[in-house]
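Heads up: the structure comes next, in structure tokens.
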Amino acid sequence: MNLLRARLEQLGPPAKYRTIVLLTHPSRISVFTPVNLLLLTLALYLIYTRLRPNPSPTPPLHQSSSDQAIVFKTFTPKTLQPFNGTDNARVYLAVNRKVFDVTAGKGFYGPGGPYSNFAGRDASRGLALNSFDEEVLTEVGAPIDSLEDLKEEERVALNGWAEHFEGKYLLVGRLVEEGSEEAKEAEKEE
Numbered sequence: 000m001n002l003l004r005a006r007l008e009q010l011g012p013p014a015k016y017r018t019i020v021l022l023t024h025p026s027r028i029s030v031f032t033p034v035n036l037l038l039l040t041l042a043l044y045l046i047y048t049r050l051r052p053n054p055s056p057t058p059p060l061h062q063s064s065s066d067q068a069i070v071f072k073t074f075t076p077k078t079l080q081p082f083n084g085t086d087n088a089r090v091y092l093a094v095n096r097k098v099f100d101v102t103a104g105k106g107f108y109g110p111g112g113p114y115s116n117f118a119g120r121d122a123s124r125g126l127a128l129n130s131f132d133e134e135v136l137t138e139v140g141a142p143i144d145s146l147e148d149l150k151e152e153e154r155v156a157l158n159g160w161a162e163h164f165e166g167k168y169l170l171v172g173r174l175v176e177e178g179s180e181e182a183k184e185a186e187k188e189e
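Numbering (numbering that gives the first Met the number 0), first residue to last: 0 to 189.
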């Protein structure tokens, strides 16, 4: 029995265990495994995209939908009214006394659109109340709505809409009272 045990110790572990030891030995493991090659390729791609120069300039945030230059102007409710998309190709609306060119969203704000009653007008109260009813909007000949009676949540809603328009549409002017000094100066400039 001792002789058998001595002979087995001389031979070492069975052949199948020797194969596993040889295959998993650190000197036998290859660095170029498929996973390592994939990770190396990904790392090189990320380095390339971060370090390469940007060949094209970024496009402007707001693009005009016509070739006509847009100049920042002073509007009154009466001078804003023609920009409702019917006779004029442009669609403007005012929010918090800021006038925006919403022509890019003519499907929404132009004739037949769900927000068409805001086109060419001060839409502040309607947006604050989340109402599309004509009754909530100020008449064109009336003074600009001061919005003093809005509740806090209505003011928050109005400010949210103002941020939406500032981020999405081109600011083309400001809305002032009919007969104010700013309106008179704007008339002189035209």
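Even for Gly, the Cβ is constructed at its ideal location relative to N, Cα and C. Every value quoted in this text rests on a predicted model; they were computed, and no experiment measured them.
- Around the beta carbon of Thr-48, fewer than 16 other beta carbons sit within 10 angstroms, so the residue counts as exposed.
- Assigned with DSSP and collapsed to three states, Asn-129 falls in coil, not helix or strand.
- Boundaries of the alpha helix (DSSP H) around Tyr-47: 33-50.
- The beta carbons of Val-98 and Ala-122 sit about 10 Å from each other, so the pair does not count as a contact at 8 Å.
- Beta-bridge pairing by DSSP links Gly-172 to Lys-72 and Val-98.
- The alpha-carbon separation between Arg-124 and Gly-159 amounts to approximately 13 Å.
- A check of alpha carbon separations from Leu-174 across Phe-117, Asn-116, Phe-74 and Ala-182 identifies Phe-74 as the nearest.
- Closest in C-alpha terms to Gly-140, from the list Leu-79, Val-34, Phe-71 and Leu-39, comes Leu-79.
- DSSP places Tyr-114 in the coil class of the three-state scheme, outside both helix and strand.
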